[in-house]
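Protein chains in written order, with the numbering used here: chain A, 1 to 395; chain B, 1001 to 1165.
C-beta atoms are modelled at their ideal positions from N, C-alpha and C, and glycine is treated no differently.
Below: the structure, in structure tokens.
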């Protein structure tokens, strides 16, 4: 039996990967073998931790020490000094942009401290290569609860009660959308995930799929149960190869564990999911265009009515939800609508993931309670502008 | 690697490519709306989608050639002209633009001796653009095939392009 005493969580999101995270990982493996620590120390590849500006990044557990801007050459020193001798490597610590003060622990860095993670609760924590970590983080417990303890209407009621609204931009109440489709007549029904994130400057959904595809897939199944659908499609833009790969891994893992297919968890519930790639058309992020694309047509939008909940994909009742919207669903079902609704404002419950990019010190992804001010995001979390200019554009 | 990857099929004859494409279409006959994955399969085998391949697909799927053509021309990922061995796509989205994408584009155009949308004479590179790959945390960004290269400055380009023969 392995006695793992330390885990090195190494971010393997697109940003860190293209800045050499894989080579850092190999160097760490070598350094651990050299120090005879490879049976006690484990390297875990996680999804995006959010602070993309400083990648490749790593967190050492159980300490909680945060290292940034890593190079393969740093691996040996980290292993010899920190892991073997318990002496942290200060030169790799986070440095506050204005004061240059060094911060050792991830939990003390403002960028992380001021966030509230619900949708991104597992990103940067779970291993992206196996299903085990997700299951260990209460994965599929929400699905099990829905299938064994709740009726489809009860699931819908819980989502309605939570106040969850679409995170794709339109903010339509998710529970209401599910209810429309549940009440619509006609079979089969479909549940779709919109992963065609095309807005310039937006990479929230990409990061979500790279770091925790499982939450999104579990949510689609819960939604499928609620509306009466046994087939889901995830429409992912082709410009997201790593997200596509991670989705594939997740789906394969789920199939191996009978969490997709027939008679899931022995409840008689069937569900299958298919990935469909976009092909470079921005407009396919729009709901009806996306459905036309899945149908193998030109991605041209159409007027509504009829609304997709009544007549959508292949002319059948269909629900389309954004990636981030879905990522909140397992949390709501497992921990309750009231828990979720305790965060946010009166009209807008929960959190929102924002992407910080451009002329700002800390670029990356953050998740904050709705209701936070723009100033807090830019100055406290983002730590201000890179170059002092007048703020002209915010989107 | 996924279905958008163009497989280097120097060894496959044209007949074998059509055979594989035909098999793929038949295997997936039951799947609704499967034209786009089929077009990706075809482009992966042939490198692009000339009209003969489009006609073949239309026949095998029992749909009109104009329908196939309509879909091919709608999506920027589908090419009707041969492309280089490697595709360089530069992001001209907002975040990258603000962080100097234009200078990167100018440098690439000068180095490769091509304009946007063109392929180098030796068929090594095709230069394209997109609006945002979602890697804004490391703007400005280019993609070469499926590799994302960020935090770019003009002087980093040579080393990057070297890797792609």
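| said: Would you call the region 135-154 of chain A in contact with the region 322-334 of chain A, where contact means no fewer than 3 C-beta pairs closer than 8 Å? | reply: yes
| residue 106(A) at chain B interface by Cβ criterion, 9 Å | no
| query | Does the Cβ-Cβ distance between residue 281(A) and residue 289(A) come in under 9 Å? | reply | yes
| field | 8 Å contact criterion, which residue 87(A) and residue 31(A) should meet: CB distance rounded | value | The Cβ separation is near 15 Å, so there is no contact.
| query | Touch check for the region 208-224 of chain A and the region 1153-1163 of chain B: three-plus C-beta pairs under 8 Å? | reply | no
| task | Residues of the region 1111-1145 of chain B with a CB closer than 7 Å to any CB of chain A: list them in chain order, please. | result | 1130, 1131, 1132, 1133, 1134, 1135, 1136, 1137, 1138, 1139
| request: Give the residues of chain B in contact with residue 400(A), contact being defined as C-beta atoms less than 7 Å apart. | output: Missing from the structure shown is residue 400(A); chain A here goes from 1 to 395 and no further.
| Does residue 1003(B) have its Cβ less than 9 Å from a Cβ in chain A? | yes
| Span of the beta strand (DSSP E) around residue 234(A) | 231-236
| said: For residue 119(A) and residue 365(A), what's the separation of their Cα atoms in angstroms? | reply: 12 Å
| message | Beta-carbon within less than 6 Å of residue 84(A)'s beta-carbon, same chain only, minus the 5 sequence neighbours each way: which residues are those? | response | 35
| Do three or more CB pairs link the region 1110-1129 of chain B to the region 1037-1048 of chain B at distances below 8 Å? | no
| Rounded separation between residue 1094(B) and residue 1101(B) - CA only | 9 Å
| Name the residues in the region 152-179 of chain A whose C-beta lies less than 8 Å from a C-beta of chain B; which are they? | none
| query | Going by the beta-carbon positions, is the gap between residue 93(A) and residue 102(A) smaller than 9 Å? | reply | yes
| field | Close-in-space but distant-in-sequence residues of the same chain around residue 127(A) (CB under 8 Å, 5 per side omitted) | value | 44, 45, 46, 133
| query | Are the region 1056-1074 of chain B and the region 180-188 of chain A touching by the rule of at least three beta carbon pairs closer than 8 Å? | reply | no
| request: Take the Cβ of residue 1082(B) as the centre, count every other Cβ of all protein chains shown within 10 Å, and call the residue buried at 16 or more, exposed below. | output: exposed
| task | Check whether the region 312-328 of chain A touches the region 159-172 of chain A, counting contact only when three or more Cβ pairs, one atom from each stretch, lie closer than 8 Å. | result | yes
| field | Contiguous beta strand (DSSP E) assignments of at least 3 residues, all confined to the region 173-206 of chain A | value | 190-195
| field | Range covered by the alpha helix (DSSP H) that runs through residue 291(A) | value | 287-294
| message | Pop quiz: residue 1088(B) and residue 1006(B) are said to be a contact at Cβ under 8 Å. What is the actual Cβ separation, rounded to whole angstroms? | response | Rounded, the Cβ-Cβ distance is 14 Å, inconsistent with contact.
| field | Whole-angstrom distance between residue 67(A) and residue 176(A), CA atom to CA atom | value | 44 Å
| said: Is there a Cβ of chain A sitting closer than 9 Å to that of residue 1034(B), yes or no? | reply: yes
| query | Does the beta-carbon distance from residue 367(A) to residue 117(A) come in below 9 Å? | reply | yes
| query | If you count every other CB in all the chains shown that lies within 10 Å of the CB of residue 19(A), and 16 or more means buried, which is it? | reply | buried
| message | For residue 106(A), tell me which candidate among 253(A), 37(A), 63(A) has the shortest Cα-Cα distance. | response | 63(A)
| residue 1139(B): buried (16+ other C-beta within 10 angstroms of its C-beta) or exposed? | buried
| task | Give a yes or no on whether the minimum CB-CB distance between residue 1050(B) and chain A is below 9 Å. | result | no
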